[in-house]
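Participant: So the sequence shown is numbered by numbering that gives the first Met the number 0: it starts at 0 and just counts up by one.
Got a structure here, written out as structure tokens. Questions coming.
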Amino acid sequence: MLKVYRGELLHFLADPAKVALEDSYQYLEDGLLIIKDGLVEQVGEAAELLATLDKNVEVTHYKNGLMMPGFIDTHVHYPQTEMIASYGEQLLEWLENYTFPFERQFSDFEHGKSVAEFFLTQLLEAGTTTALVFGTVHKESVEAFFTVAQQKKLRMICGKVLMDQNCPDYLSDTAQSGYDDSKALIEKWHNTDRLQYAITPRFAPTCSTEQLNKAGQLLSENPTVYLHTHLSENKAEIAWVKDLFPDSDGYLDVYDKSQLLGRRSIFAHGVHLHDSECQRLGETDSAIAFCPSSNLFLGSGCFNLKQAEEFDVNVGFGSDIGAGTTFSMLSTINEGYKTQQLRGDKLTPFKSFYLATLGGAISLDLEGTIGNFTKGAEADFIVLDYHATPLMDRRMRHCTNLSEKLFILSMLGDERHVKATHIMGELV
Ligand SMILES: [Zn+2]
Numbered sequence: 000m001l002k003v004y005r006g007e008l009l010h011f012l013a014d015p016a017k018v019a020l021e022d023s024y025q026y027l028e029d030g031l032l033i034i035k036d037g038l039v040e041q042v043g044e045a046a047e048l049l050a051t052l053d054k055n056v057e058v059t060h061y062k063n064g065l066m067m068p069g070f071i072d073t074h075v076h077y078p079q080t081e082m083i084a085s086y087g088e089q090l091l092e093w094l095e096n097y098t099f100p101f102e103r104q105f106s107d108f109e110h111g112k113s114v115a116e117f118f119l120t121q122l123l124e125a126g127t128t129t130a131l132v133f134g135t136v137h138k139e140s141v142e143a144f145f146t147v148a149q150q151k152k153l154r155m156i157c158g159k160v161l162m163d164q165n166c167p168d169y170l171s172d173t174a175q176s177g178y179d180d181s182k183a184l185i186e187k188w189h190n191t192d193r194l195q196y197a198i199t200p201r202f203a204p205t206c207s208t209e210q211l212n213k214a215g216q217l218l219s220e221n222p223t224v225y226l227h228t229h230l231s232e233n234k235a236e237i238a239w240v241k242d243l244f245p246d247s248d249g250y251l252d253v254y255d256k257s258q259l260l261g262r263r264s265i266f267a268h269g270v271h272l273h274d275s276e277c278q279r280l281g282e283t284d285s286a287i288a289f290c291p292s293s294n295l296f297l298g299s300g301c302f303n304l305k306q307a308e309e310f311d312v313n314v315g316f317g318s319d320i321g322a323g324t325t326f327s328m329l330s331t332i333n334e335g336y337k338t339q340q341l342r343g344d345k346l347t348p349f350k351s352f353y354l355a356t357l358g359g360a361i362s363l364d365l366e367g368t369i370g371n372f373t374k375g376a377e378a379d380f381i382v383l384d385y386h387a388t389p390l391m392d393r394r395m396r397h398c399t400n401l402s403e404k405l406f407i408l409s410m411l412g413d414e415r416h417v418k419a420t421h422i423m424g425e426l427v
């Protein structure tokens with residue numbers, strides 16, 4: 000069945016930092032997006048394409064808005080939804096004082112389902128249509144998440160946390176039970192409808208070498224599954240990893256020694272990476288989730304985007320709820336811009352919207368499936384509203400070009416500016 004949407008339209012074709020700017024995106028002031036059975040069939044000028052359509056086809060016209068692919072959140076913790084905005088600590092104390100007690104509740108499937116329902120509703124309201132999501136150590140947390148995501152027909156990636164040391168007993172698994180539970184979840188859920196599985200060691204300090212090696216084994220047995228963990232977020236954390244793994248040549252090397260790097264490996268943060276680590280991430284096609292809101296909130300530091308570009312590392316944006324303080328990718332871009340200003344670097348509006356869409360898709364090895372309007376891609380898309388708030392409305396009157404429009408959307412925008420979210424072509 001055909002679904003047709005008309006309006007201003009933008010999507011990315013390549014990284015604006017790698018090709019000529021005009022080759023990195025397609026922008027149509029009056030465009031048409033034609034969707035067939037939930038997949039993108041064609042994109043082009045409305046004036047040309049309308050003439051080719053059957054007279055009876057209904058066209059939804061979005062005026063005063065910008066149609067673009069749904070945002071992609073490459074790092075977020077759904078069980079931390081209700082502990083967002085917890086005061087006063089940096090990473091290690093924050094985990095101990097707030098996170099672990101909250102995650103304990105997710106042994107209960109029904110609790111997980113109710114939080115997953117709320118979490119996914121928040122994501123969709125913010126215009127985020129795909130996310131790479133942490134569960135808790137309990138397999139029930141992932142069962143609950145996938146159950147709700149499946150009902151909503153979403154493309155989501157999630158995994159059970161692995162942690163067998165330096166954590167409370169009530170949140171601890173073992174190398175073997177973590178392997179067994181993950182394996183059972185992969186068999187049940189990976190590639191079921193639009194759901195995919197991520198092997199999810201919490202981070203090096205909470206995982207024994209045996210557990211990391213088991214994770215590597217599981218990954219080699221299931222090469223289309225993801226690997227999702229944290230890396231070099233905070234200086235005290237990095238020093239701790241050095242103490243715990245004295246034989247490793249740095250933080251990333253702990254994961255590397257267990258064969259955890261690769262095309263479907265996503266490392267959250269990477270705020271304090273050495274050039275050699277960035278080089279290794281680049282040559283293994285691994286990705287970094289850039290989580291500026293969280294990095295500022297926990298005082299972790301400012302991610303070096305320029306360094307990642309230099310070593311050709313795939314990068315996407317992550318909200319990192321509950322250390323991040325917003326579900327909104329527009330607000331996340333806002334924070335990202337400011338972290339680069341603090342470094343003396345520029346994050347251009349084109350690059351930020353690229354990172355939030357196609358950049359995220361490439362980081363997740365889902366280019367061609369989501370992230371832009373290439374033919375055959377799943378038609379998850381949003382409509383941003385330039386006039387949802389009086390301040391943005393007023394500011395837009397002085398706006399002269401697309402770059403400025405995008406910048407204003409990201410500096411003044413949030414959930415209020417997401418007018419509509421569509422999943423596989425359907426308004427939700
Ligand atoms: Zn995180």
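For every residue, glycine included, the Cβ atom is placed at its ideal position computed from N, Cα and C.
List the residues that DSSP assigns as beta-bridge partners of Ile265.
Facilitator: The partner list for Ile265 (beta bridge, DSSP) reads His227, Ala286.
Participant: Would you list the residues sitting across from Cys68 in a DSSP beta bridge?
Facilitator: For the sequence presented, residue 68 should be read as Pro rather than Cys. Per DSSP, Phe380.
Participant: If you run the structure through DSSP and keep just helix, strand and coil, what is Arg201?
Facilitator: Three-state result, Arg201: coil.
Participant: Tell me which residue opens and which closes the alpha helix (DSSP H) that Gln434 is part of.
Facilitator: What is shown of the chain runs 0 to 427, which leaves residue 434 out entirely.
Participant: Mark Ser219 as exposed unless 16 or more other C-beta atoms lie within 10 angstroms of its C-beta, in which case mark it buried.
Facilitator: That one is exposed.
Participant: With 8 Å set as the bound, which would you pick, yes or no: does the beta-carbon of Leu32 sit closer than that to a beta-carbon of chain D?
Facilitator: Checking the listed chains, one finds no chain D in this structure; it contains a single protein chain.
Participant: Based on DSSP bridge pairs, tell me the residues matched to His10.
Facilitator: His10 is bridged to Gln25.
Participant: How would the residue list near ligand 1 read, in chain order, if you kept each one whose beta-carbon is closer than 6 Å to any heavy atom?
Facilitator: In chain order, the qualifying residues are His74, His76, His229, Ala267, Asp319.
Participant: Among the candidates Thr283, Phe202, Met328, Leu341, whose CA atom is the shortest distance from the CA of Leu304?
Facilitator: Checking every option, the nearest Cα to that of Leu304 belongs to Leu341.
Participant: Taking its Cβ as the centre, do 16 or more other Cβ atoms sit within 10 Å of Gly343, making it buried, or is it exposed?
Facilitator: Label assigned to Gly343: exposed.
Participant: Please work out which residues of its chain come closer than 7 Å, Cβ to Cβ, to Leu329, disregarding the five sequence neighbours upstream and downstream, and give them in chain order.
Facilitator: Excluding residues within five positions, the ones whose Cβ falls inside 7 Å are Leu408, Ser409, Gly412, Asp413, His416.
Participant: So the alpha helix (DSSP H) Lys234 belongs to, where does it begin and stop?
Facilitator: Segment 234 to 243, the alpha helix (DSSP H) holding Lys234.
Participant: Going by DSSP, name the residue or residues bridged to Glu366.
Facilitator: Ile369, per the DSSP bridge assignment.
Participant: Can you tell me where the beta strand (DSSP E) with Thr331 in it begins and where it stops?
Facilitator: No beta strand (DSSP E) holds Thr331; the alpha helix (DSSP H) holding it covers 328 to 342.
Participant: In chain order, what residues of the same chain lie with their CB nearer than 7 Å to the CB of Gly300, ignoring the 5 residues before and after it?
Facilitator: Val270, His271, Asn294, listed in sequence order.
Participant: Look at the alpha carbon of Leu9 and the alpha carbon of Val75, and state the distance between them as a whole number of angstroms.
Facilitator: When rounded, the distance between both Cα atoms is 26 Å.
Participant: Give a yes or no on whether the C-beta atoms belonging to Phe310 and Leu280 are separated by under 8 Å.
Facilitator: Yes, these two residues count as a Cβ contact at 8 Å.
Participant: If distances are taken between C-alpha atoms only, which option among Glu232, Gly317, Val39 comes closest to Ala203?
Facilitator: Checked all of Glu232, Gly317, Val39; the closest Cα to Ala203 is Glu232.
Participant: Taking three-plus beta-carbon pairs below 8 Å as touching, is the stretch 118 to 136 in contact with the stretch 89 to 97?
Facilitator: Short answer: they don't touch.
Participant: Give the single residue among Met0, Pro15, Val39, Tyr24 whose Cα lies nearest to the Cα of Thr373.
Facilitator: Residue Val39 is the option with its Cα nearest to Thr373.
Participant: I need the boundaries of the beta strand (DSSP E) containing Lys428, first residue and last residue.
Facilitator: In the structure as shown, the chain starts at 0 and stops at 427, and residue 428 therefore has no counterpart that could be examined.
Participant: Would you report the Cα separation of Ser23 and Ile34, rounded to the nearest angstrom?
Facilitator: Rounded to the nearest angstrom, the two C-alpha atoms are 23 Å apart.
Participant: Between the Cα of Cys277 and the Cα atoms of Ile361, Asp252, Thr199, which residue gives the shortest distance?
Facilitator: Cys277 has its Cα closest to that of Asp252, out of Ile361, Asp252, Thr199.
Participant: From the DSSP output, which residues share a beta bridge with Met155?
Facilitator: Partner(s): Ala130, Leu194.
Participant: DSSP state of Gln41, grouped into three classes?
Facilitator: It is a strand residue.
Participant: CB-CB under 8 Å to Ser171, same chain, minus the five flanking residues each way: which ones, in chain order?
Facilitator: The answer, listed in chain order, is Val136, Met162, Asp163, Gln164.
Participant: Is it buried or exposed for Asp14, if we count other Cβ within 10 angstroms and need 16 for buried?
Facilitator: The residue is buried, with at least 16 neighbouring Cβ atoms inside 10 Å.
Participant: Is the number of C-beta pairs between the stretch 76 to 85 and the stretch 317 to 331 that are closer than 8 Å three or more?
Facilitator: These segments touch.
Participant: Straight-line CA distance for Gly359 to Gly126?
Facilitator: Rounded to whole angstroms, Gly359 to Gly126 spans 14 Å at the Cα level.
Participant: Would you say the stretch 225 to 239 touches the stretch 383 to 401, given that touching needs at least three Cβ pairs under 8 Å?
Facilitator: No, the stretch 225 to 239 is not in contact with the stretch 383 to 401.
Participant: Below 8 Å on the Cβ atoms is my contact criterion, and I expect Gly158 with Val141 to pass it. Report the Cβ-Cβ distance as a whole number of Å.
Facilitator: The pair is a contact, with the Cβ atoms about 6 Å apart (cut-off 8 Å).
Participant: What whole-angstrom Cβ distance do Glu308 and Ala16 have, given they're in contact under 8 Å?
Facilitator: With 8 Å as the limit, Glu308 and Ala16 qualify as a contact, their Cβ atoms being about 5 Å apart.
Participant: Evaluate contact between the stretch 211 to 229 and the stretch 253 to 266, counting only Cβ atoms and requiring at least three cross-stretch pairs below 8 Å.
Facilitator: Yes: at least three Cβ pairs fall under 8 Å.
Participant: Could you tell me which residues DSSP puts in a beta bridge with Lys2?
Facilitator: DSSP lists Ile34 as partners of Lys2.
Participant: Which partner residues does His431 have in the DSSP bridge list?
Facilitator: Any answer about residue 431 is impossible in this case: the structure gives the chain only from 0 up to 427.
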